[in-house]
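Chemist:
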Amino acid sequence: MTSTEILEEAFGRMPDAIRRAVSGLDADQLMVRPTATGNGKGNSVAWLIWHLTRVQDNHIADAAQLPELWLREGWAERFGLDLDPADTGYGHSSSQVEKVRPASAELLVEYYDAVHSRTLEYIAGLGEVDLDRILDASWDPPVTLRVRLVSVVEDCMQHAGQAAYVRGLLI
């Protein structure tokens, strides 16, 4: 199996995880934030799925040197969030988490599907040499495209797992 095939397999597991996390949840359930002892409210399913999708969109767009789908295809307008359109959710405060209120689980899935499709299309066009391209030389060792893509997989799967946990508290 090549590196790109492994990446395709890893990213290919995410759509089912996303769908399982939001399946059957209404808009109110998507917004439930479990209480975390000592630090306020936890993240909602809506925020977790939105955030992981925004990060994947942002990182793939950056690596491919393309505009984010969030901005280019009107997802920011469709979601209508009271946030900076460039916001990915990184470092959000509790009040910012509260602002991520999608109309439905379907909207979250539709945005994820668009990002997922672009991700697989991008990965399919990569070779081993491409994966060794340095994206960020400020780190030691420098961050290659391979490392960035693995990081995106890991981050997204962690957040999908968190969303599944929150869903489990609701159902």
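At position 112 of the sequence shown the residue is numbered 100 (the working numbering), and the sequence of numbers has no breaks. By construction, the Cβ of each residue, glycine as well, lies at the ideal position given by its N, Cα and C atoms.
Please report how far the alpha carbon of Ala91 lies from the alpha carbon of Ala15, in whole angstroms.
Modeler: Using only the alpha carbons, I get a separation of about 6 Å.
Chemist: By the DSSP assignment, the beta strand (DSSP E) with Asp124 in it spans what residues?
Modeler: Where Asp124 is concerned, the enclosing beta strand (DSSP E) stretches over Ile122 to Asp124.
Chemist: Specify the secondary structure class of Thr23 as computed by DSSP and reduced to three states.
Modeler: DSSP places Thr23 in strand when its eight states are reduced to three.
Chemist: Nearest CA to the CA of Ile(-6): which residue from Lys87, Ala93 and Gly115?
Modeler: It is Gly115 whose Cα lies nearest to the Cα of Ile(-6).
Chemist: Along the chain, where does the alpha helix (DSSP H) that runs through Tyr78 open and close?
Modeler: That residue, Tyr78, is in no alpha helix (DSSP H); it is neither H nor E in DSSP.
Chemist: Counting along the chain, where does the alpha helix (DSSP H) carrying Met(-11) start and finish?
Modeler: No alpha helix (DSSP H) contains Met(-11), which DSSP labels as neither H nor E.
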